[in-house]
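S.K.: Residues in the first sequence are numbered consecutively from 17, following my numbering.
Here it is, the structure, as structure tokens.
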Amino acid sequence: MRPGRDDPTERRFPLNSELIMSTEKQKTDFVAIGEKWQQYWAGIKLAEAPETPQKKYFVMPMFAYPSGDIHIGHFRNYSITDAIARKKMMEGYDVMHPFGWDAFGLPAEEAAIKNKRHPEEWTLHNIEVSKATLQKCGILFDWSREVTSCLPDYYKWTQWLFIQFFKKGLAYRKTATVNWCPTCNTVLANEQAAGGVCWRCENPVEKRELLQWFFKITEYAERLLAGIDELDGWPDNLRTIQRGWIGKSIGAEVDFVLENSEIKIPIFTTRPDTVFGVTFMTLAPESPLVEQIGIPDDRRAEVNAYIEAARSKSEIDRTAQTEKDGVFSGCYAINPLNGERVPIWIGDYVLATYGTGAVMAVPGHDQRDYDFAKKYDLEIKYVIDTGRGQDWYDKKPAADPAYGTMMNSDRFDGQVGKEGIRAVIDYCEEQKIGRACTNYKIRDWLISRQRYWGCPIPMIHCKKCGIVPVPEDQLPVELPRGDIDFMPTGRSPLADVKEYIEVDCPECGGKAERDADTMDTFMCSSWYFLRYCDPKNETAIFDPKKAAAWLPIDMYVGGIEHATGHLIYYRFFTKFLYDLGLLKLEEPTVRMFNHGMVNDEQGRKMSKSVGNVVSPIDLVGEHGPDPVRLAVFFAAPSEKEIQWSSAGITGTERFLIRADQFVRSADFSGNTDLNRTFGMADLSAEDKKAYLAFQLALQKINFDFERLQFNTCTAAVMELLNIIPNDISAEMRTYIAGNIVRVLAPLAPHTAEEWWAKVLGNSESVFRAAGWPSVDQTAIAAATITLACQINGKVRGQISVPPDTDNATIEELAKAEPRVQKHLAGKTIKKTIVVPKRLVNFVVQ
RNA sequence: GCGAAAGUGGCGGAAUUGGCAGACGCGCUGGACUUAGGAUCCAGUGGGGUAACCCAUGGGGGUUCAAAUCCCCCCUUUCGCACCA
């Protein structure tokens, strides 16, 4: 028995006594509806994706760090993917909407130190809490595919991947100047130290020389770059950021030679056409060349002091410094193209890690070199003619970086732009003094971390056999639990765990040592989406067939902050696994969407330390999940940052109550075919208006849903409810009420499910049985059109016409409109413009 | 410093991409029903004007029959990149 179905008077005046009685009652009822249907969905396993999908849709939010406090920002992000998942379900797709935990990482270790709890215990507890919270929020994840990166059945495969990279020669160890965060006591990858500060704690990073594991992501730089062109379902700004991060530049390497020696000093330049304008060169202070050039004794002290000063400066100080400085080394190099002798300087504006760590300086055509030359009174030569005139070249007022015609360049004089560059490179290659060369800004990825709570590096160091991977049948290398001192000392806590470190070499059987470091957590998050396709596989990382069935990810939703980290790494992994033959595609994601952040009312980021975290649990407990969700959707388009205010809930709550009244006012005992159409000609004026309003609303919802603009989707339903006349027929009421249930289902799922079952009387979930309505284009095409009538671009009236009215008739009707008539009186019409379905404009004198 | 995006009522935001600016909602004002209203319903709500109308999308110019939307200059904000040779 369904409430309100048997007594027609109750239907007419549908203030449902059960649902709507008092303020108190309303609030508690959305809460009750929420709980009821969450249980139901869990019971029928609504979210569980099939093993082998027919018509698949893979939608996924980013891997989450289980900090334990799900806030309104998470609620928003996951509501986005949830709404998409639900709509796709209604459209008949086999939907996978999985979730997982990026569960290794420093916060667990910090908490362990603080609360004397093991990081694993802390992490797993947080996962439980977070998961329960997400469920209470009504987010429908397929928990049967949940992955947790800190559990051995997952990190076994992270280790396996490490070994595959090693076997392909893409994982290697080197001593390098690395970013060290003294606060976190660990090294950082370049993208984690962008701007000279640690991505986690935002403290300045230092440089240290350490022997560390790196992945050769640079070997994939070209493919990572080329792949971006194909990602047309990605936001442009994200693509731009990735291109910039990879930072390809095409040029040449030219070997300058140390005077009176055989020592080559190669330089990288994108402007070989300016090589005759070189008047000095500069080495990075950290460059090994500095030690090789034989600095004369009288320069030694000054040079050493400069290098020391550069080294002790923080990254921020070095880059913030506006004026370039340097020191003369006392040595000279020979320009191999013209045999000229040029002084060698040392300056910290040259980066040791880019190119060759040495540059040729052309003050005439490079602003930095110009500034440097001015400061130290070095020669300035112009070798590219851009038509400035002799006067300008004599005065030397600035550097001129434009392309032009080569001059003062011996045999190359007269060569223009790109041809000049080409000619110089060809000549260098002929003479074996240089070569074409392409450089990338992206650096190899530093994997090692000197911390406990991470995935152990499955490598063994043997004095006899060198570096030996742990045999794959012995994976996973499990993190030792026991009594471990997590206090950061600057080296990995595992280094002091004897039972862990001491191991027999898998090759010679002799005494050997495990690698004491753990992996960057970005390793774990670079492949989790693949594990979703086959989460329980014990014998392989995943079954390639299952991966092929689900990939690519159709919609990936996450923050823009991962543009140069995660979103490059997971593309890199995808390409690597493609090369291994495990994947059939090189790009993992068709469509990427960057959601906006949720800040507090003052616009500040929500954080525990500020104490301004808004918990969705409190809101959901007070208002129910749907009013809160609608309020979040309604606040702004999904990509925009919002300042959270609970005030919005008032409006969405009222709206849901009004919608509830409308839905319950309909009679679902007769023909309830929601896919039916109506012939416009047969309808009363009211029905026509309502029917058309629904078709237009649906059209807008489809359009806006596609671009994830849920605020206007919601507004479209609100507007529809406002438009519908009171005295529509019972049939039309049934049709529209039932369809409002359908279109609201992705946005307000609990309430829609309640209506679907209790008001419409269905026994199967709205997400499985309802289907998504299709627009009655015939009705829209047949609808009467309202045109604005303008005089000189100003609106003076309106006319309504049938859709097929010809322009001449439209003009006549418009001229007959009283206000138009008034404005036309005594004027001459010079021109008439009719825009189909929009307006008619008379240009008058 | 360079680059990108944005700037619309008291507030959040719309505007199907050059075609009726301010949809939808909050808030506010008035009214109804009420013992009560922080509930609900009805009406109003960019500014000016009794009105006809006029003025309005950060400011100033321009293109166009028509500009929030396109172009130029300036201001402000928010993000990226910050010596990549």
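Backbone N, C-alpha and C fix where the C-beta goes; we use that ideal spot for every residue, glycine too.
(1) Shortest alpha-carbon distance to Arg459 belongs to which of Ser654, Tyr585, Lys280?
(2) Note down, in chain order, each residue of its chain lying with its Cβ closer than 8 Å to the Cβ of Ile476, except the 5 sequence neighbours on either side.
(3) Out of curiosity, what's the CA-to-CA distance linking Ala682 and Thr800?
(4) State the Cα-Cα distance for the pair Ile244 and Ala63, rounded to the nearest angstrom.
(5) Quick check on DSSP: helix, strand or coil for Cys200?
(6) Could you check if Asp426 is buried or exposed, using at least 16 other CB atoms within 10 Å of its CB as the buried criterion?
(7) Could you tell me which of Val573, Trp788, Asp98, Lys147 sits nearest to Asp85, measuring between CA atoms?
(8) Go through its chain and collect everything with a Cβ distance to Leu737's Cβ below 7 Å, but skip five positions before and after it.
(9) Using the beta-carbon count (16 or more within 10 Å), is Lys810 buried or exposed?
(10) Kindly list the residues whose CB is nearer than 7 Å to the CB of Phe502, restricted to its own chain and excluding five residues on each side of it in sequence; keep chain order.
(11) Below 8 Å on the Cβ atoms is my guess for Ala415 versus Asp364; work out the distance and round it to an integer in Å.
(12) Counting Cβ pairs, one atom from each stretch, are 3 or more of them under 8 Å apart for the stretch 134–147 and the stretch 95–107?
(13) Should Gln208 be labelled buried (16 or more other beta-carbon atoms within 10 Å of its own) or exposed?
(14) Which partner residues does Asp385 have in the DSSP bridge list?
(15) Return the CA-CA distance between Leu274 and Val399, expressed in angstroms with no decimal places.
(16) Have a look at Trp159 and His113 and give me their C-alpha separation to the nearest angstrom.
(17) Using a 10 Å radius around the Cβ and a threshold of 16 neighbouring Cβ atoms, would you call Arg497 buried or exposed?
(18) Starting from Gly482 and walking both ways along the beta strand (DSSP E), at which residues does that stretch end?
(19) Here's the rule: buried if 16 or more other CB atoms are within 10 angstroms of the residue's CB, otherwise exposed. What is Lys853?
(20) Tell me whether Cys524 is buried or exposed, calling it buried when 16 or more other Cβ atoms sit within 10 Å of its Cβ.
(21) According to DSSP, is Lys552 helix, strand or coil?
(22) Specify the secondary structure class of Asp393 as computed by DSSP and reduced to three states.
(23) Within a Cβ cutoff of 6 Å, which residues of the same chain sit near Lys232, ignoring the five residues on either side of it in sequence?
(24) Write down the C-beta distance between Asp559 and Asp550 rounded to the nearest angstrom, noting that I regard them as a contact closer than 8 Å.
(25) Starting from Asn455, follow its DSSP beta bridges and name the residues at the other end.
(26) Since Gln677 sits in a beta bridge, which residues does DSSP pair it with?
(27) Just to check my reading of the structure: Ile283 and Val378 have Cβ atoms closer than 8 Å, yes? What is that Cβ distance to the nearest angstrom?
(28) At 4 residues or longer, and completely inside the stretch 761–816: list those alpha helix (DSSP H) runs for me, N to C.
(29) Taking the continuous alpha helix (DSSP H) assigned at Leu829, which residues delimit it?
(30) Find the nearest neighbour of Val733 within the set Leu140, Gly754, Glu747, Ile744, judged by alpha-carbon distance.
(31) Taking Trp361 as part of the beta strand (DSSP E), name the residues at either end of that continuous run.
(32) List the residues that DSSP assigns as beta-bridge partners of Ser464.
(33) Taking only runs of the beta strand (DSSP E) that begin and end inside the stretch 217–256, which ones reach a length of at least 3 residues, in chain order?
(34) Could you tell me if Arg465 is buried or exposed, where buried requires 16 or more neighbouring beta carbons within 10 angstroms of its beta carbon?
(35) Which residue wins for smallest C-alpha separation from Asp536, given the options Thr68, Gln54, Glu67, Leu122?
(36) Which same chain residues, not among the five before or five after Lys71, have their C-beta less than 8 Å away from its C-beta?
M.R.: Per the coordinate set shown:
(1) With distances taken between Cα atoms, Arg459 lies closest to Tyr585.
(2) Within the same chain, Ile476 has close Cβ partners Ile483, Val484, Pro485, Val486, Val519, Cys521, Pro522, Ala528, Glu529, Arg530, Asp531.
(3) Distance between the alpha carbons of Ala682 and Thr800 is about 27 Å.
(4) Whole-angstrom Cα-Cα distance: 32 Å.
(5) DSSP places Cys200 outside both helix and strand once states are collapsed to three, so it counts as coil.
(6) Counting Cβ neighbours within 10 Å, Asp426 comes out exposed, since fewer than 16 surround it.
(7) The shortest C-alpha separation from Asp85 is found at Lys147.
(8) For Leu737, same chain residues with a beta-carbon under 7 Å away, outside a window of 5 residues either side, are Arg674, Ala675, Phe678 in chain order.
(9) Counting other Cβ atoms within 10 Å of its Cβ, Lys810 stays below 16 and is therefore classed as exposed.
(10) Excluding positions up to five away in sequence, the list reads Glu125, Ala128, Ile129, Tyr468, Pro509.
(11) Actually they are not in contact, since the Cβ atoms of Ala415 and Asp364 sit about 20 Å apart, beyond 8 Å.
(12) Touching, no.
(13) So Gln208 ends up on the buried side.
(14) DSSP lists no partner for Asp385.
(15) Going by the C-alpha atoms only, they are around 23 Å apart.
(16) Answer to the nearest angstrom: the Cα atoms are 9 Å apart.
(17) Taking a 10 Å sphere around the C-beta of Arg497, we find fewer than 16 other C-beta atoms and assign the residue as exposed.
(18) Where Gly482 is concerned, the enclosing beta strand (DSSP E) stretches over 482–485.
(19) Lys853 should be labelled exposed.
(20) Burial call: exposed.
(21) Of the three classes helix, strand and coil, the one that applies to Lys552 here is coil, per DSSP.
(22) Three-state DSSP puts Asp393 in coil, outside helix and strand.
(23) So the qualifying residues of the chain are Leu186, Asp460.
(24) 5 Å between Cβ atoms; contact.
(25) Bridge partners of Asn455: Ser265.
(26) DSSP links Gln677 through a beta bridge to no other residue.
(27) That belief does not hold up - the Cβ atoms of Ile283 and Val378 are roughly 11 Å apart, past 8 Å.
(28) Counting only runs of 4 or more, we get 765–770, 782–785, 793–798.
(29) Segment 823–832, the alpha helix (DSSP H) holding Leu829.
(30) Taking the Cα of Val733 as reference, the smallest distance to any Cα among Leu140, Gly754, Glu747, Ile744 is reached at Gly754.
(31) It spans 357–363 - the beta strand (DSSP E) in which Trp361 sits, taken as one unbroken run.
(32) Paired residue(s): Met535.
(33) Listed in chain order, the complete beta strand (DSSP E) runs (minimum 3 residues) inside the stretch 217–256 are 222–231.
(34) Label assigned to Arg465: buried.
(35) The residue among Thr68, Gln54, Glu67, Leu122 with its C-alpha nearest the C-alpha of Asp536 is Leu122.
(36) So the qualifying residues of the chain are Gly108, Tyr109, Asp110.
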